[in-house]
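S.K.:
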Amino acid sequence: MNNNKLTHENKLTHEKKLSKLPHLYAPSLIISRAKGDSIWDSEGKEYLDFTGGIAVNSLGHGDPHIRKQISKQMKEIMHCSNIFTTVPTIELCALLVKKANEAFQSERFATTFLCNSGTEANEAALKFSRLLAYRNSKKGKHEFISFHNSFHGRSMGALSITGQENYKAPFMPLIPGCTLLPYNDTAALTRAVSDTTAAIIVEVIQGEGGLNALSAPMAACIQELAQKHQALIIADEVQTGLYRTGSLFASAECGLEPDIITLAKSLGAGLPAAAVLCSKKIQDVLAVGDHGTTMGGNPLSSAAALAFLDRLEEPSFQRKCQTSAKALDRGLGSICKKQKQIVPLGRGHLRGLYFASNTLDNTTIAQILAQCKEQGLLLLRTGTNSLRLAPSLHCPPKTIKRGLSILQKVLKKLELCQ
Ligand code: PLP
0 MNNNKLTHEN
10 KLTHEKKLSK
20 LPHLYAPSLI
30 ISRAKGDSIW
40 DSEGKEYLDF
50 TGGIAVNSLG
60 HGDPHIRKQI
70 SKQMKEIMHC
80 SNIFTTVPTI
90 ELCALLVKKA
100 NEAFQSERFA
110 TTFLCNSGTE
120 ANEAALKFSR
130 LLAYRNSKKG
140 KHEFISFHNS
150 FHGRSMGALS
160 ITGQENYKAP
170 FMPLIPGCTL
180 LPYNDTAALT
190 RAVSDTTAAI
200 IVEVIQGEGG
210 LNALSAPMAA
220 CIQELAQKHQ
230 ALIIADEVQT
240 GLYRTGSLFA
250 SAECGLEPDI
260 ITLAKSLGAG
270 LPAAAVLCSK
280 KIQDVLAVGD
290 HGTTMGGNPL
300 SSAAALAFLD
310 RLEEPSFQRK
320 CQTSAKALDR
330 GLGSICKKQK
340 QIVPLGRGHL
350 RGLYFASNTL
360 DNTTIAQILA
370 QCKEQGLLLL
380 RTGTNSLRLA
390 PSLHCPPKTI
400 KRGLSILQKV
410 LKKLELCQ
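The numbering of the sequence shown is numbering that gives the first Met the number 0, which starts it at 0 and goes up by one.
What follows is the structure in structure tokens.
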């Protein structure tokens, strides 16, 4: 049924019917349309979208350049599988390599594998790490090290390196050879890394696990141990990359020199797209057919990603991002001012508030989210005690102010701040 042709009354009945159909989505909100930083539900209620489609919609909703480029591509070709390729697919691979080498001021990146989701990108990264050891006859070099509170996806491989037991428990046993360590614990890392380590997988800011940030000593330790034991570094930039945290690659900002970078979320500007950027040593052992996916590098997603990367380059867009990030910073700082129990988290447009656990019971974060939603603001949670905000990168300061004033009002009502 075409939603645009429904009257308001019919629409409500239609939504009611929809909610009775079998599906696996939380029945929290059925969204009808979106524009810029707002989305509307079926009753026409407007919400400020500070979820960003879970850090995907970096340009907000309905960016004209993205729409134009997607429409243009739709008229050419939408899919041809991975037995052939298309111009946007090749251009995207090459552009990502170029941008990564510029960001890391090196020639370390040599090739890109395209796929459809962050999970798939991390799965490929794990396989490429083992492939490297296999092709170089490094028998036994198959172990992975990752960190508590990390999130890398929900396939059996990506779950095995994810540091959150609640996602894993029902699916045990997962793949062997995966060690989880406390984040930012250099002593534990030093004890764990050995010549059998194939790769260390790390998020520079733990997007789903509480927005904890990688410390400078930990980044240096990962770098040193990876070099000493010839282990790969996989930077999972699914959430932190592509300016979400203020720069193209968060790992470049903290001195990591990854062998593999995984990207997804905002890459396709709302279409499914993910990428695995690989260094020369992986390119050298990776042959056509070693790994693949039917939809990966789909021309439509690739055209969207190229258009997205174009937009990020515009100086006026970058100025807006900076102004917007400053407004977020100021606003969150002001909510936390004189509130010892609330601490601002994250950077750029991946931000949050941590609530000291003695101020919260289990349901408080859920209450904050529900009351903000009631007042027209959509937010995310991260970890157990924190809220997460992922608005568009160019969200105007007055919109940020409007959203944060709703949040502050809700926190006051719940007596979580003055
Ligand atoms: N890696 C990180 C850091 C993520 O935040 C996520 C998703 O939230 C994933 C991987 C999995 O990505 P996807 O949901 O696209 O499979």
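We put the beta carbon where it would ideally sit given N, CA and C, even for glycine.
Please go through the stretch 269–343 and give each complete alpha helix (DSSP H) segment of 4 or more residues, from N-terminal end onward.
M.R.: 279–284, 298–312, 314–335
S.K.: Determine which residues share a DSSP beta bridge with I259 and list them.
M.R.: I233, C277
S.K.: When DSSP labels each residue in this structure, what does T196 get in the three-state scheme?
M.R.: Reduced to three states, the DSSP call for T196 is strand.
S.K.: Tell me whether A187 sits in a helix, a strand or coil according to DSSP, three-state version.
M.R.: DSSP places A187 in helix when its eight states are reduced to three.
S.K.: Give every residue of the same chain whose Cβ lies closer than 6 Å to the Cβ of L241, excluding the five residues on either side of it in the sequence, and list them in chain order.
M.R.: S265
S.K.: Whole angstroms is fine: what's the gap from I65's alpha carbon to K34's?
M.R.: 13 Å
S.K.: Helix, strand or coil: which one does DSSP assign to L47?
M.R.: strand
S.K.: So L262 packs on E236, CB below 8 Å; how close in whole Å?
M.R.: Going by Cβ atoms, the distance from L262 to E236 rounds to 6 Å, so yes, they are a contact pair.
S.K.: With distances taken from CA atoms, which of K397, L406, A186 is nearest Q374?
M.R.: Ranking K397, L406, A186 by Cα distance to Q374 puts L406 first.
S.K.: Does at least one heavy atom of the ligand PLP sit under 8 Å from the Cβ of V409?
M.R.: It does not: the Cβ of V409 is nowhere closer than 8 Å to a heavy atom of the ligand PLP.
S.K.: To the nearest whole angstrom, what separates the beta carbons of A251 and F103, a pair I think is in contact under 8 Å?
M.R.: 5 Å
S.K.: Helix, strand or coil for N1, going by three-state DSSP, please let me know.
M.R.: Residue placement at N1 cannot be trusted, given a pLDDT of 47 that sits under 50; what the coordinates show is reported in the next sentence. Looking at N1 - three-state DSSP - the assignment turns out to be coil, as it is neither helix nor strand.
S.K.: Across the stretch 75–84 and the stretch 293–304, are there enough close Cβ pairs to call them in contact, namely three or more that are closer than 8 Å?
M.R.: yes
S.K.: Confirm the yes/no value for this check: CB of G347, any heavy atom of the ligand PLP, distance under 8 Å.
M.R.: No, the Cβ of G347 stays beyond 8 Å of every heavy atom of the ligand PLP.
S.K.: Among I232, A274, R243, which one has its Cα closest to the Cα of G427?
M.R.: Look at the range of the chain in this structure, 0 to 417, and you will see that residue 427 is not part of it.
S.K.: According to the neighbour-count rule (16 or more other Cβ atoms, all chains shown, within 10 Å of its Cβ), is E207 buried or exposed?
M.R.: buried
S.K.: Please classify S323: is it buried, with 16 or more other beta-carbons within 10 angstroms of its beta-carbon, or exposed?
M.R.: buried
S.K.: Looking only at its chain, what residues have a beta carbon closer than 6 Å to the beta carbon of D194, apart from the 5 residues adjacent to it on each side?
M.R.: H228
S.K.: Would you say S265 touches the ligand GDP, meaning its beta carbon is less than 8 Å from a heavy atom?
M.R.: The ligand GDP is absent from the structure shown, which contains only the ligand PLP.
S.K.: Just the C-alpha distance for E8 and K44, rounded to the nearest angstrom, thanks.
M.R.: 14 Å
S.K.: Is it the case that the CB of G245 approaches a heavy atom of the ligand PLP more closely than 8 Å?
M.R.: For G245, the Cβ stays outside the 8 Å cut-off from all heavy atoms of the ligand PLP.
S.K.: Can A326 and I341 be called in contact, C-beta distance under 9 Å?
M.R.: No, these two residues do not count as a Cβ contact at 9 Å.
S.K.: DSSP state of G347, grouped into three classes?
M.R.: When DSSP states are grouped into helix, strand and coil, G347 belongs to the coil group.
S.K.: Find out if the Cβ-Cβ distance for the pair D258, C277 is shorter than 9 Å.
M.R.: In terms of Cβ geometry, D258 and C277 form a close pair [threshold 9 Å].
S.K.: Considering Cα atoms alone, identify which of T362, T88, H13 is closest to A273.
M.R.: T88
S.K.: Please report the straight-line C-alpha distance between S70 and G61, rounded to a whole angstrom.
M.R.: Taking C-alpha positions only, S70 is separated from G61 by approximately 12 Å.
S.K.: Taking the continuous alpha helix (DSSP H) assigned at F127, which residues delimit it?
M.R.: 117–134
S.K.: Skipping 5 residues on each side, what residues in its chain have a beta carbon closer than 6 Å to that of I260?
M.R.: A234, E236, L276
S.K.: Could you tell me whether the stretch 133–147 touches the stretch 297–316, using the rule of 3 or more Cβ pairs below 8 Å?
M.R.: no
S.K.: Less than 9 Å between the beta carbons of A225 and L270, yes or no?
M.R.: Against a cut-off of 9 Å, the Cβ pair of L270 and A225 comes out as no contact.
S.K.: Considering only their Cβ atoms, is the gap separating L344 from S385 smaller than 9 Å?
M.R.: yes
S.K.: Straight-line CA distance for V284 to K74?
M.R.: 37 Å
S.K.: Taking its Cβ as the centre, do 16 or more other Cβ atoms sit within 10 Å of Q205, making it buried, or is it exposed?
M.R.: Result: buried.
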